Amino acid sequence: MGQITLKIEGMTCDGCVNSLTSVLQTIPGVSQVQVTLEPGEANIVFDATQTHIEALQQTIQRAGFDVIN
Ligand SMILES: [Cu+2]
Numbered sequence: 006m007g008q009i010t011l012k013i014e015g016m017t018c019d020g021c022v023n024s025l026t027s028v029l030q031t032i033p034g035v036s037q038v039q040v041t042l043e044p045g046e047a048n049i050v051f052d053a054t055q056t057h058i059e060a061l062q063q064t065i066q067r068a069g070f071d072v073i074n
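Per this note's numbering, the very first residue in the sequence shown carries number 6; after that it's consecutive.
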């Protein structure tokens, strides 16, 4: 199991939080997602044999948000 907290930029309301949460939950291997608006963060628990951090970041960016590292 892997776990990561990514800093997210571009979320402005609870709708953003909800849509990002659902998008992340559709990724195979992701078992737990917690997205917060303030601070803008996504805490993700995932199976490292099924997905990886780059895929998570790409999914977030495709959903219209920025990942800051
Ligand atoms: Cu929003």
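From the three backbone atoms N, C-alpha and C, an ideal C-beta is built for every residue, glycine too.
Note that the structure is a prediction, hence the values are computed from the model and not measured.
Pick from the options that is closest to residue i, judged by C-alpha positions
i      : options                   : result
Thr-41 : Met-16, Gln-30 and Gly-69 : Met-16
Own chain, CB closer than 6 Å to residue i, minus 5 neighbours either side, in chain order
i      : result
Ala-53 : Gly-7
Asn-74 : none
Test item: CB-CB of residue i and residue j under 8 Å
i      : j      : result
Val-50 : Gln-37 : yes
Residue i, buried or exposed, once every other Cβ within 10 Å from all chains shown has been counted against 16
i      : result
Gly-45 : buried
Ile-65 : buried
Ile-13 : buried
Beta-carbon proximity list for residue i, same chain, < 8 Å, skipping 5 on both sides
i     : result
Ile-9 : Asn-48, Ile-49, Phe-51, Ile-58 and Leu-61
Notebook entry, point to check: Residues with a Cβ closer than 6 Å to any heavy atom of ligand 1, in chain order?
Noted result: Thr-17, Cys-18, Gly-20 and Cys-21
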